[in-house]
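All residue numbers for the sequence shown refer to numbering that gives the first Met the number 0, where the first residue is 0 and numbers rise by one. Note that the Cβ used here is the ideal one computed from N, Cα and C, for glycine as well. The structure presented is a predicted model; accordingly, all values stated were derived computationally and were not measured. What follows is one structure encoded as structure tokens, with my remarks underneath.
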Amino acid sequence: MERITKKLNEIENQYLELENGIIDYTNNIIKSPDLKKKGSKFGIYEQKGKKMMLRLKAVGGELSTQNFKDLVDIMFKQNIPFLHLSTRQNYQLHEVDFDKVKSTIELCNNKEMYFRGGGGNTFRSILVSTYTGVDKKSNFDVIPYAKMIENEVFFIDKAFDFGRKLKIGFSNSSDDEFVMAVQDMGFVAKEINGKKGFKVFAGGGMGRGSKIGHILLEFLPEEDLLKAVKAMIELFYDRGDRVNRMQARLRFLVEKIGIDGFRKLFLEYFNKESVENGIIKPIDYANFIPNLTKFEINNTDENYNQWIDFCVKETKFKDIVSLVLYVKNGDLSKEHAQKLANLLDNINSPIVRATINQNLVIPMVHKSALPYIYEFLNNEIPEIVSESFSIRGQIRACVGSTVCMIGVQDSVSIADSIAVELDNLANLYPQYRKIIFKEAKNIRISGCPSSCAGIPVAPLGFIGLKKRINDVLTDCMQVYMGGILTESIQSLAFEIPNLIIPIDEIPLLVRRLFEDYLEMLQVYDLTFTQYMYERRLEEF
């Protein structure tokens, strides 16, 4: 703690610069881009409506129940209306008043929730498999390793002064290893003869010039983990392009010198490093089990059984399950967040995790608590239960033009209009509701060409723009298809030529695609992702 306090004191002047920058911006002394330079390195950005967004980094989206309660208390104290769950497992505080930014930072710091990185040209939030530690099929729990990296990188100043951002992630099994292949540096848990380590990817990423990464190392022993991350930080700091921003991501360096040349360069940096791993605290999840609250409540309601089917995932522990809480568009009002904090207390859950699909997962719940949780949610936050059955909120969308300063289209409302069509389709064919519900998350909507919604790997994606049609400037979206990352096929999404369509035509396009997909299921066993990959080269 003393080490962190010292570092916070060192960067206090940067917080003050941000506070003064907000004052200058309010008084029209500086412009919006100048304010962005002062705040983005902390994950703090201006929103529309003269408000600020504060992006709280959380490794793998994990917060202890106590920290979640602390965050809710801060929201009430600072009158912050809602938080947003991002596609990188962050907790974003939205609509923060200009004069409350500095005090919100201090309140979070006091609860050991720190703002450093998370935006701008810095080391970004670490992505982690949601069910690590409790999943039946996992190799080993990777979140202690990810937390160690986050804790150590916090003190490496070079990691917060790159030419562009650097993103890394950890997977606990090969099931989602190709999510790691689209990180700047991705680690997949791997064991060889009982020895723990990682398969390492490098040079992946989304955005301009999206790339699927290369295998950098087939096996990195666990004791060399920090050494590898530190070497990559040093390499990127030294060799990343600081002149041409459009060529400044790590993947462009890999492309420039080739993976063999890059691997050689990386090993030169790696072999010069002598840093050792920080403290890695393994988590014995079995120790949580005796404290999980048990209930003697039954529920035989049909909707309850459907909710179980949609929201519950078995774990490796007897009578312990993981529970998904579907949060529409990833937005939680402070009042709803307070009720969720109460629920976590009542079931004595130790942790909660945000997912890349903008939902929340309670990793450990005693099965007997499920009827109580369902009843609690139905009474206190019925929206969460209803979102378990509706397509609304399942489509991955960025915050869009109503919030974001660079947004072109309102991605959230477009996602909702698509969901209405898919809900109607599910009502027409109730036997396919679960399939439609499950596959809807593979639709991704971005309000601008940025990759906040992950369009480059989307099976079906849309990017907001404006186009002149019949001499009228029209709200449109560019269509992308075919993003797929499996063991046998790795392909980025294709920009469909000449398929730029007005936003009011998008819901019917999506419905037609799903109708065709459901028809294909009568003959073929395939996912929506596979279906869209097969259709990517067709003319529309």
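### Message
With distance defined between alpha-carbon atoms, name the residue in Glu16, Asp72, Phe269 and Ile21 nearest to Leu224.
### Response
Phe269
### Query
Since Phe309 is in the beta strand (DSSP E), which residue starts that stretch and which ends it?
That residue, Phe309, is in no beta strand (DSSP E); its alpha helix (DSSP H) goes Glu301 to Cys310.
### Those runs of the alpha helix (DSSP H) which lie wholly inside the segment 46-72 and span at least 4 residues
none
### Query
Which parts of the segment 80-145 are runs of the beta strand (DSSP E), unbroken and 3 residues or longer, counting only runs that do not cross its ends?
81-84 and 90-95
### Endpoints, alpha helix (DSSP H) assigned at Leu291
Careful: Leu291 lies outside any alpha helix (DSSP H) and carries neither H nor E.
### Message
I'd like to confirm the pairing. Which residues does DSSP put opposite Glu494 in its beta bridges?
### Response
Tyr479
### Three-state secondary structure (DSSP) of Arg163
coil
### Query
Which first and last residues belong to the alpha helix (DSSP H) in which Leu427 is found?
Ser410 to Leu427
### Query
With distances taken between CB atoms, is the gap from Ala57 to Ser137 smaller than 9 Å?
no
### Where Leu472 falls, given that 16 or more other Cβ within 10 Å makes a residue buried
exposed
### Three-pair Cβ contact test at 8 Å for the segment 144-156 versus the segment 324-338
no
### Message
I'd like the span of the alpha helix (DSSP H) that includes Glu38, first residue to last.
### Response
Residue identity check: residue 38 is Gly in the sequence provided, not Glu. Run containing Gly38: Ser31 to Gly38, per the alpha helix (DSSP H) assignment.
### Query
Buried or exposed: which applies to Ala285, given that a residue is buried once 16 or more other Cβ atoms fall within 10 Å of its Cβ?
exposed
### Gly574 - containing alpha helix (DSSP H), residue span
Lying outside 0 to 539, the shown extent of the chain, residue 574 is not represented and no answer is given.
### Query
Which of helix, strand or coil does DSSP assign to Ile502?
helix
### Query
Going by the beta-carbon positions, is the gap between Ser410 and Ile444 smaller than 9 Å?
yes
#### Entry: Same chain, Cβ closer than 6 Å to Pro220, five either side skipped, listed in chain order
Gly196
### Message
Could you compute how far the alpha carbon of Ile10 sits from the alpha carbon of Met404?
### Response
27 Å
### Query
What residue from Ile319, Ala368, Ser367 and Leu7 has the CA that sits closest to Ile155's CA?
Leu7
#### Entry: Pairwise C-alpha distance: Lys164 and Arg244
11 Å
### Task
Give a single yes or no on whether Asp259 has its beta carbon closer than 8 Å to a heavy atom of the ligand NAP.
Ligands displayed in this structure: none; no statement on the ligand NAP is therefore possible.
### Query
Leaving out the 5 sequence neighbours to the left and right, which residues in its chain are closer than 6 Å to Met231 when beta-carbon positions are compared?
Met184
### Query
Nearest CA to the CA of Leu266: which residue from Lys229, Phe294, Asp23 and Glu295?
Lys229
### Query
So what's Ile324 in DSSP terms, helix, strand or just coil?
Reading off the sequence shown, one finds Leu at residue 324, where the question assumed Ile. Three-state result, Leu324: strand.
### Task
Count the other C-beta atoms from every protein chain shown that fall within 10 angstroms of the C-beta of Glu61, then say buried if there are 16 or more, exposed otherwise.
buried
### Message
Taking a contact to mean a Cβ-Cβ separation below 9 Å, would you say Leu421 touches Ala439 in this structure?
### Response
yes
### Query
For Phe186, does the three-state DSSP call read helix, strand or coil?
strand
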